[in-house]
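So the sequence lines, in the order shown, correspond to chains H and R. Going by our numbering, the first residue of the first sequence is number 750, and it counts up by one from there. Going by our numbering, the first residue of the second sequence is number 1080, and it counts up by one from there. By construction, the Cβ of each residue, glycine as well, lies at the ideal position given by its N, Cα and C atoms. It should be emphasised that the depicted structure is a prediction, and the values quoted were computed from it without experimental measurement. Below is one structure, written out as structure tokens, with a few remarks after it.
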Amino acid sequence: VPGVPEEPPPILGSWPRLYALVLGVLVVLILLFGAFTRAFS
Amino acid sequence: VSPIDWWVLGVWLVGIVTYGWWRGRGSQDLDGYLLADRRMKWGTIALSIMATQASAITFLATPGQAYTDGMRFVQFYFGLPIAMVVLCITAVPIFHRLHVFTAYEYLERRFDGKTRTLAAGLFLTQRGLAAGLTIFAPALILSVLLGWSLFWTNIALGALVVIYTASGGTKAVNHAHSLLICVMLGGIALAFVLAVASLPAGVSFNDALHVAGIHGRLRTLDPSFDLENRYNLWSGLIGGCFLALSYFGTDQSQVGRYLTGRSVAESRLALVTNGLVKVPMQFFILLAGAMVFACYHFIPLPAHFNPIEVRRLEASPYAEEYRTLAAEHRQASEARERHARDYLAARRAGDAAAVEASKSEVRTAQTELQAARGRVIDLMKRNDPKAQTGDTNYVFLTFILSMFPPGVIGLMLASVFAASMSSTSSELNALASTTVVDVWRRTPFGRRPPTPASGTEVGGELRPAAITDRRDVRVSVIATVFWGAFAVTFAEYANQLGSLIEAVNILGSLFYGTILGIFLTGFYLKHIGGTAVFAAALVAEVAVIACFKLTSISFLWYNVIGCLLVVSLAALFEVIFRMTRRAAVA
């Protein structure tokens, strides 16, 4: 967006990497929930 | 509730109201009052975002949901992290660049005044009624289980929030949220630990998980695709994503939280944190409910969790019949406990055949228990056709009140109040912001004078901008008190309007998709004008209502349908309008 300075996040160096972390954690959680469901069904 | 519980609750309530008032003092202009001078750090904003979403119903009803329906509800939140990323990329930088107070201000700059009025009007209607329910729902549960007056509980919950929200504005709300969410999550964690500790000797945490698993209560992932199944992987990822986009991107009670960030980065970090934390947090809240379910295999299980309905039955001509049914329920509960213990013994012995046999016995006992409970509910309905037979919301607090020691109960009640106050304060704050910015300041009385905006004192005299700033802050305080009074008044009548409560809850999901469609069209389809999007929104809304009335599609999908219809119809209408204009010119 023009007019808004792009300040990097405090970790991982860039916003796309931080977003990838959020989505990666979601994928890991879904896989863990799958394993949890299998273990206790 | 013992005297020590009252002391704990009282000290907590006085403390939080004083803290909120103290942290919010000194706001002189709208930027300070409505957006905390746009100086908040990401940690405070993240806690505020989480506290806003977590109402008392989250605290009380979510474990109850796991108890009755299992943990599949966690899938509802799968779309949230995706929505957080989308909002970080789109909405956050746009709102910051435009320096808006409310999300709806953006719509006038992008489209026109009527689109802004439509969105702000929908928000005020829907959120104003929802604020009443946010107060009413925990007040009802507390009054039923503790025998408190519903009238005064509503007033207490509303008044405590109004005191610090009106006096300190957003600064007070955000700082109080940091404490409120910590107390609420601490309460959930403590409840979880004590639920595990309440398991009888010889039954471990792992055993409890296996017992809950027999009944499918730990099913957290369902990959099947079914439009009529409310909670599965796909409805969570797609429908949940659209719902979260609507809630966090267009609902002022959330937008107002991250607009307080001192930079785009601070607001983004807050949303990213929410995206990382929300799903695991909900998982543990649901797991606490599953633990309560497992615990009730080994301790006396009430035939029904609503004590008022049970007392009414005991005082009715059906009392004798109820006692017989309650005895049957008790026997079924004891049979289930025996089979559950057999199952655990078989597991420890490593006898696979015995494990399968006892599992089957536990399931049969559960079916018999459900049948016995169903007969009690039928009797309640025979005694009074309008009896409140749904008791999911009472399960968790009943467990807390019967199992936890004095002092801890006070802490749990403090958590319930914390959860209620956290969501109500955001709602009142957002309603006041929208009333002042999107309504009051557009009326002849509220327009700002066309003088240089300094907002400072010069030579002992206030310049007009500063005078109007202080006037607007006063109007914001009045608007907060007004919406607080409105919410409490609605809460007082909500008990008599059973079907309306359901209607108001559905109202939110009916409108969110359409509002999101308007915003997404604004963000991404730059060539589309206000008239096209306004007409598309009206048509899409009619279509969503038709879906609700004529189909059995799960409500999460309404957000997707409404949003996609607005975007596609707005594009189509824009083409038609342009062709019509060209034809008229020719």
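Same chain, Cβ closer than 7 angstroms to residue i, neighbours up to 5 away in sequence not counted
i               : result
L1229 (chain R) : A1218, L1219, S1222 and N1574
L1492 (chain R) : D1084 and L1088
L1113 (chain R) : F1180, G1248, T1249, S1512 and S1555
L1480 (chain R) : L1224 and I1488
Counted within 10 angstroms of its Cβ, other Cβ atoms place residue i as buried (16 or more) or exposed
i               : result
R1261 (chain R) : Going by the sequence as given, residue 1261 (chain R) is Cys instead of Arg. It is exposed - the Cβ of C1261 (chain R) has fewer than 16 other Cβ atoms within 10 Å.
V1153 (chain R) : buried
F1284 (chain R) : exposed
S1504 (chain R) : buried
Y1572 (chain R) : exposed
S763 (chain H)  : exposed
R1452 (chain R) : buried
G1211 (chain R) : buried
R1189 (chain R) : buried
V1664 (chain R) : exposed
T1568 (chain R) : exposed
M1272 (chain R) : Note on residue identity: the sequence assigns Val, not Met, to residue 1272 (chain R). Burial call: exposed.
V1612 (chain R) : buried
Q1410 (chain R) : exposed
S1081 (chain R) : exposed
D1301 (chain R) : buried
L1312 (chain R) : buried
S1303 (chain R) : exposed
L1201 (chain R) : buried
M1658 (chain R) : exposed
I760 (chain H)  : exposed
F1524 (chain R) : exposed
Y1337 (chain R) : buried
Of the residues the options, the one placed nearest residue i, counting alpha carbons only
i               : options                               : result
A1349 (chain R) : R:S1647, R:L1126, R:A1466 and R:L1278 : R:L1126
L1644 (chain R) : R:V1623, R:S1633, R:F1138 and R:V1474 : R:V1623
E1440 (chain R) : R:I1594, R:H1294, R:L1316 and R:W1086 : R:H1294
Q1132 (chain R) : R:F1271, R:V1554 and R:Q1331          : R:Q1331
A1616 (chain R) : R:K1628, R:D1457, R:F1652 and R:L1355 : R:F1652
I1345 (chain R) : R:L1212, R:W1121, R:V1487 and R:F1190 : Before going further, note that residue 1345 (chain R) is Glu rather than Ile in the sequence given. Comparing Cα-Cα distances from E1345 (chain R) to each of R:L1212, R:W1121, R:V1487 and R:F1190, the minimum goes to R:W1121.
H1418 (chain R) : R:Y1401, R:P1396 and R:Q1445          : R:Q1445
L1225 (chain R) : R:G1592, R:I1640, R:F1384 and R:Q1410 : R:F1384
R1347 (chain R) : R:T1513, R:G1158 and R:C1167          : R:C1167
D1148 (chain R) : R:A1198, R:D1305 and R:F1372          : R:F1372
I1214 (chain R) : R:L1201, R:W1231 and R:L1203          : R:W1231
Y1243 (chain R) : R:L1203, R:G1319 and R:G1103          : R:G1103
R1341 (chain R) : R:R1118, R:Y1473 and R:D1470          : R:R1118
N1508 (chain R) : R:L1648, R:A1145, R:N1253 and R:A1369 : R:N1253
N1472 (chain R) : R:D1463, R:P1464 and R:V1495          : R:V1495
I1378 (chain R) : R:A1276, R:L1208 and R:A1431          : R:A1276
L1139 (chain R) : R:P1523, R:G1368 and R:A1199          : R:G1368
A1518 (chain R) : R:S1134, R:A1199 and R:V1165          : Here the sequence assigns Val to residue 1518 (chain R), which means Ala is not the residue at that position. The shortest Cα separation from V1518 (chain R) among R:S1134, R:A1199 and R:V1165 belongs to R:A1199.
I1234 (chain R) : R:A1570, R:V1618 and R:V1654          : R:A1570
F782 (chain H)  : R:L1366, R:A1394 and R:N1638          : R:L1366
Anticipated Cβ contact below 8 angstroms, residue i with residue j, distance rounded
i               : j               : result
V1621 (chain R) : L1109 (chain R) : 37 angstroms between Cβ atoms; not a contact.
W1562 (chain R) : A1511 (chain R) : 6 angstroms
F1646 (chain R) : L1599 (chain R) : Note that residue 1646 (chain R) corresponds to Val in the displayed sequence, not to Phe. Their Cβ separation, rounded to whole angstroms, is 6 angstroms, which keeps V1646 (chain R) and L1599 (chain R) in contact under 8 angstroms.
P1359 (chain R) : L775 (chain H)  : Not quite, the Cβ-Cβ distance comes to about 11 angstroms (not below 8 angstroms), so this is no contact.
V1434 (chain R) : R1426 (chain R) : 6 angstroms
L1269 (chain R) : V1487 (chain R) : 7 angstroms
L1073 (chain R) : F785 (chain H)  : Outside the shown range of chain R, which is 1080 to 1665, sits residue 1073 (chain R), and nothing can be said about it.
A1566 (chain R) : G1237 (chain R) : 6 angstroms
V1343 (chain R) : E756 (chain H)  : 7 angstroms
Y1185 (chain R) : L1177 (chain R) : 6 angstroms
P1381 (chain R) : T1477 (chain R) : 7 angstroms
H1289 (chain R) : F789 (chain H)  : 6 angstroms
G1318 (chain R) : W1636 (chain R) : 5 angstroms
Close beta carbons around residue i, own chain, < 8 angstroms, minus the five adjacent residues each side
i               : result
M1163 (chain R) : A1323, F1327, L1350, V1351, N1353 and G1354
E1307 (chain R) : S1631, I1632 and S1633
F1362 (chain R) : M1150, V1153 and T1299
Cβ shell of residue i (< 6 angstroms), same chain only, five flanking positions each side left out
i               : result
T1514 (chain R) : A1558
C1642 (chain R) : F1321, G1592, L1595 and G1596
Cβ-heavy atom distance, residue i to the ligand HEM, below 7 angstroms
i               : result
D1305 (chain R) : Because no ligand of any kind appears in the structure shown, any question about the ligand HEM cannot be addressed here.
Proximal chain A residues relative to residue i, where beta-carbon distance stays under 7 angstroms
i              : result
L767 (chain H) : Checking the listed chains, one finds no chain A in this structure; the protein chains it contains are H and R.
Check: For the stretch 1165-1183 of chain R, which residues have a beta carbon sitting closer than 8 angstroms to at least one beta carbon of chain H?
Finding: Under the 8 angstroms Cβ criterion, the stretch 1165-1183 of chain R contributes C1167, I1168, P1172, I1173, H1175 and R1176.
Check: Which of the residues in the stretch 1367-1385 of chain R, read from start to end, lie with their CB under 8 angstroms from any CB of chain H?
Finding: Along the stretch 1367-1385 of chain R, there is no position whose C-beta sits under 8 angstroms from a C-beta of chain H.
Notebook entry, point to check: When you check each C-beta in the stretch 1283-1300 of chain R against every C-beta of chain H, which residues fall closer than 8 angstroms?
Noted result: Along the stretch 1283-1300 of chain R, going in chain order, the ones with a CB nearer than 8 angstroms to a CB of chain H are L1288, H1289, A1291, G1292, G1295, L1297, R1298, T1299 and L1300.
Margin query: Taking beta-carbon pairs under 7 angstroms, can you tell me which members of the stretch 773-789 of chain H lie near chain R?
Written below: Result list: V774, L775, L778, I779, F782, G783, F785, T786 and F789.
Item checked: Members of the stretch 1498-1527 of chain R near chain H, C-beta cut-off 9 angstroms -> From the stretch 1498-1527 of chain R, no residue has a Cβ closer than 9 angstroms to chain H.
Notebook entry, point to check: Given a limit of 7 angstroms on CB to CB distance, which residues of the stretch 1329-1345 of chain R reach chain H?
Noted result: Answer set for the stretch 1329-1345 of chain R: S1342, V1343 and A1344.
Checklist line | Proximal residues, the stretch 1204-1221 of chain R versus chain H, C-beta separation under 8 angstroms | finding: Taking 8 angstroms as the upper bound on Cβ-Cβ separation, chain H lies near no residue of the stretch 1204-1221 of chain R.
Notebook entry, point to check: Can you list, in chain order, the residues of the stretch 1113-1129 of chain R whose Cβ is nearer than 7 angstroms to any Cβ on chain H?
Noted result: Here the close residues number zero.
Next item on the list: Identify each residue in the stretch 1607-1640 of chain R for which the Cβ-Cβ distance to at least one residue of chain H is less than 9 angstroms, and report them in chain order.
Entry: Listed in sequence order: no entries.
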